Amino acid sequence: MHPVRKQRLIIVLLVVLFSSAAVGLMAYALRGNINLFFPPVEVLSGKAPVGQSIRVGGMVVEGSVQRSPDSLEVRFEVTDNQATVPIVYAGILPDLFDEGQGAVAAGVLDEQGVLHATEVLAKHDENYMPPEVADALEASKAAAAQAEEAKQ
Amino acid sequence: MIAEFGHFSLIIALCLAVLLTVIPLWGAWRHNSAAMALAPGLSMGLLVFSGISFACLATAFLQDDFSVEVVANNSNSLLPMWYKFSAVWGNHEGSLLLWILILAFWTAAVATFSVQLPLLVLARVLSVMGFVAVGFLSFSLFTSNPFARLLPGTPADGRDLNPLLQDPGLIIHPPLLYMGYVGFSVAFAFAIAALLGGRLDASWARWSRPWTNVAWAFLTLGIMLGSWWAYYELGWGGWWFWDPVENASFMPWLAGTALLHSLAVTEKRGLFKSWTVLLAIFAFSLSLLGTFLVRSGVLTSVHAFATDPERGLFILVFLGLVVGGSLVLYALRAPAVNSRVTFSWLSRETLLLVNNVVFLVATLTVLFGTLFPLLMDALGQGKYSVGPPYFNAVFVPLMALLIPFMGIGPVSRWKRDSATRWKAELLLPGLAALACGLTLPLLHADYNLWVALALVLAGWLFMGMLRDVWQRLRSAPSLWRGLRRTPASYWGMVMGHLGFAACVIGVVATSQYSIERDLKMEPGQSESLAGYRFEFIEVQGVQGPNYVADEARFVVSREGVEVARLAPQKRRYLASGSIMTEAAIDDGLFRDLYVAMGEPVGEQGAWAIRLHYKPMVRWMWLGAIFMALGGFATVVDKRYRRQRSLARETLNTGAARGAQA
């Protein structure tokens, strides 16, 4: 074979080999490791899958945060002003987690509609709101306005 | 007044950048050397005026001028002096100004240190950098002016710097990171200049290689500091989150690593030229993409500042212009620079090609994971997030695949090598690595297969390198002569590879052996973790310069002997009222002990306490420091200096001749 062609063959073969390995890995990794965000209203209407890892976010309902007296378990509710979802979490909450503030919890929904969170994310500075929460609140505001119009 | 002066300087800098883009490029086209010779001067002017502008903003911060909007939003009179200074880049507008200053610095550095470059090339390189500067200066002036005033309505005091950013690590993390990010613009400018001139040869690679190495070394340090900062400051002991913004800095690093190695082939063998050019374009485009991801707030991230769609659009357009423009240029010019040199299957070229393919594939998988949520959102498929498991599942096997080849690389020969020679060279190191890897995990209580694998791989790199260094020194007449004869770039490579091996050990050992526990603890109570006894003594109130804190006192002992006293804090910052966790860490080469406070639990003074035992976590950062030092070391190599002194001699003799005439 011509040496230059042989060299090209090496290059092409290597590229094909490694990129197919990568595509295989990616397909495998993507299967179980991405999770979809659901606003509370969709969780309540049953659109969110039970037993799968999902994220739910909204504002933490005022007065809903209850800590267990003898363990690190915390229960709270998040709302998008249309529906609320109860969340159970065992562990240390982020510093900026607070009632009346936006939060996103990642975890698994049970049959009773309670989210068992493995991770709770709050905003990271005073002016910042997780975009999913902002969108969810926006959507629910629009829905509320529509309902108002329909009433009139 | 100072703010207006800074604003004015920034406008002058923009004008100079426009001139720098236009005049030398026109000169290069028209072969007008007077126009081309303006480039270094204009670059200096750009540095001076961006420097003045930056100094003005820094002065506004240091003097608590709360009539300037960014100062009012990001500083406070109670803030300690050095945090007032670092607050300059703790916000969108200021960090952009820092970016511009560093770009101007790199441009001026190229103008200063590239006396050996032909004027034609230098003019083109500086023009391309001037173009990038135009983009960022207009971005700053038109969408995010750092000098905007709050008049009337000047607040009495500022809203304070985000407490997370009040940390020594944050004083140097962004400048180092930007040195790296922006440094790739030099490699990019050299690539574009080469495409414009249609001359891609070994000397081109030799010019751009030291710049790329330095930029890469800075980026390595910047990423390492970011990871270290996250570890001790975010309060939950993680050191890498695959957060979009971390990825944004990691992708240029991956592409840059590929670029370093491909430049080596281009310089030594004149191969892979078009490929190297493409990588240079790719690395810088990823830097710009990173800026877009961070600045536009399109992704949920720890680093996101408040969002403004106009800004995102501006960078997106600029990104499109740079990437699109350079790819069009590449398509038009690259085929003209084809090479006729060949190499065989078993050769250093093939091994470096493996490096390139692996790093490029790794970059693309990270890119895919980072952009996947954006893509799905744009398609209306819902709001996804791609978490660390995806990245780990893809990235870790790719790196594991790389290491066997990486071990052979240094001992291999250019052009043609043989498997029997490799076997003769590497059989012993390979067996030694296998033995070390399989036995060393026995030192730990439970045998872990992943750690064993990591040790075998790291040992393979280490032993192979040892063998190669020994071979080199053995053939020299004396040890000292051998050391002197070995070029600095070789030592740079050794350090880089050994640093990588240390990183591998650190990452795998700490991921596999870490013990993390969240507990409810009362004062007086003690807990055991990995053979250490953590005794919770008391909680006390303490007062800092701009915060009040609850401080927990811990005594850590092992078999009755006191090891450390740790005092984690829960701070409340006075100006913003934000709560911050300050972890306490007892660090060591082989293990870190980490204590952080959660929140008070119940009525009896108990607290939620996070206890971590993290073995070998420092290895990862030490490894990264080693890699960066390796990158810096390559630059002092004699062959780059020889180039420069040669050029200076020609210049001097030329000048002397001119004087005689």
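Going line by line, the protein sequences match chains A and L. Going by UniProt numbering, 147 is the number at position 147 of the first sequence; the sequence numbering is gapless. Going by UniProt numbering, 234 is the number at position 234 of the second sequence; the sequence numbering is gapless. From the three backbone atoms N, C-alpha and C, an ideal C-beta is built for every residue, glycine too. From a predicted model like this one, the values you see are computed outputs, not experimental measurements.
{"query": "Relative to the C-alpha of L629 of chain L, which residue among L:F500, L:M597, L:R533 is closest?", "result": "L:F500"}
{"query": "Which residues mark the beginning and the end of the alpha helix (DSSP H) in which K415 of chain L is found?", "result": "Element bounds for K415 of chain L: n/a, residue is neither H nor E."}
{"query": "Suppose contacts are defined by Cβ-Cβ distances below 9 angstroms. Is F282 of chain L in contact with A264 of chain L by that definition?", "result": "no"}
{"query": "Tell me the residue span of the alpha helix (DSSP H) that contains S86 of chain L.", "result": "81-86"}
{"query": "Give a yes or no on whether the minimum CB-CB distance between M620 of chain L and chain A is below 9 angstroms.", "result": "no"}
{"query": "If you reduce the DSSP assignment to three classes, tell me which class Y178 of chain L lands in.", "result": "helix"}
{"query": "List, in order along the chain, the chain L residues whose C-beta lies closer than 7 angstroms to that of V15 of chain A?", "result": "V357"}
{"query": "Measuring alpha carbon to alpha carbon, tell me which residue in L:A217, L:L164, L:H7, L:L78 is nearest L137 of chain L.", "result": "L:H7"}
{"query": "Name, please, each residue of chain A whose Cβ falls closer than 8 angstroms to the Cβ of P252 of chain L.", "result": "Per Cβ cutoff of 8 angstroms: no residues; P252 of chain L is ~19 angstroms from chain A at best."}
{"query": "For K6 of chain A, which residues does DSSP report across the bridge?", "result": "Paired residues: none, contrary to the question."}
{"query": "Looking at F536 of chain L and L609 of chain L, is the spacing between their C-beta atoms short of 9 angstroms?", "result": "One point to set straight first is that residue 609 of chain L is Ile, not Leu, in the sequence displayed. Going by C-beta atoms, I609 of chain L is nearer than 9 angstroms to F536 of chain L."}
{"query": "Less than 6 angstroms between C-beta atoms, sequence neighbours within five positions excluded: which residues of the same chain meet that for S227 of chain L?", "result": "W239, W240"}
{"query": "Hey, is P429 of chain L's beta-carbon within less than 9 angstroms of any beta-carbon in chain A?", "result": "no"}
{"query": "Taking only beta-carbon atoms, is P69 of chain A less than 9 angstroms away from chain L?", "result": "yes"}
{"query": "Taking the alpha-carbon positions, what's the G324 of chain L to I171 of chain L distance?", "result": "35 angstroms"}
{"query": "Measure the alpha-carbon distance for K141 of chain A versus G369 of chain L and round it to whole angstroms.", "result": "32 angstroms"}
{"query": "Between the Cα of Q66 of chain A and those of L:R639, L:A633, L:G602, L:M616, spot the shortest distance and give me the residue it belongs to.", "result": "L:G602"}
{"query": "Assuming A575 of chain L contacts N162 of chain L under a Cβ cut-off of 8 angstroms, what Cβ separation, rounded to an integer in Å, is found between them?", "result": "Actually they do not touch by this definition, with Cβ atoms about 11 angstroms apart."}
{"query": "Could you say if the segment 520-538 of chain L and the segment 462-477 of chain L meet the contact criterion of at least three C-beta pairs nearer than 8 angstroms?", "result": "no"}
{"query": "Would the beta-carbon of A133 of chain L fall within 9 angstroms of that of A28 of chain L?", "result": "no"}
{"query": "Which term fits E310 of chain L, buried or exposed, when burial requires 16 or more other beta carbons within 10 angstroms of its beta carbon?", "result": "exposed"}
{"query": "Using DSSP with H/G/I as helix, E/B as strand and the rest coil, what is L375 of chain L?", "result": "helix"}
{"query": "Can you give the Cα-Cα distance for E349 of chain L and M406 of chain L, rounded to whole angstroms?", "result": "12 angstroms"}
{"query": "In its own chain, which residues sit with a C-beta less than 6 angstroms from the C-beta of A656 of chain L, not counting the 5 before and 5 after it?", "result": "Note that A656 of chain L has pLDDT 43, beneath the 50 cutoff, so the model's placement of it is unreliable and the number below is only indicative. Counting only Cβ-Cβ distances below 6 angstroms, and skipping sequence neighbours, we find nothing."}
{"query": "Could you check whether the Cβ of G113 of chain A sits closer than 9 angstroms to any Cβ belonging to chain L?", "result": "no"}
{"query": "Could you say if the segment 513-521 of chain L and the segment 538-545 of chain L meet the contact criterion of at least three C-beta pairs nearer than 8 angstroms?", "result": "no"}
{"query": "Between L453 of chain L and G430 of chain L, is the Cβ-Cβ spacing less than 9 angstroms?", "result": "no"}
{"query": "Within the segment 206-289 of chain L, note down every full alpha helix (DSSP H) run reaching 4 residues or more, in order along the chain.", "result": "244-269"}
{"query": "By DSSP, does I92 of chain A sit in helix, in strand, or in coil?", "result": "coil"}
{"query": "Along chain A, in chain order, which residues have C-beta atoms closer than 8 angstroms to that of R610 of chain L?", "result": "I92"}
{"query": "So, at 6 angstroms on beta carbons, what are the nonlocal neighbours of M224 of chain L in its own chain, with the 5 sequence-adjacent residues on each side left out?", "result": "W621, A624"}
{"query": "I want to verify the contact list: residues of chain L whose CB lies under 8 angstroms from the CB of F37 of chain A, in sequence order.", "result": "G382, K383, Y384, S385"}
{"query": "Can you give me the Cβ contacts of Y447 of chain L inside the same chain, cut-off strictly under 8 angstroms, excluding the 5 residues immediately before and after it?", "result": "P441"}
{"query": "Would you report the Cα separation of Q7 of chain A and V469 of chain L, rounded to the nearest angstrom?", "result": "30 angstroms"}
{"query": "What span of residues does the alpha helix (DSSP H) with G492 of chain L cover, start to end?", "result": "488-513"}
{"query": "Return helix, strand or coil for E582 of chain L, following the three-state DSSP convention.", "result": "strand"}
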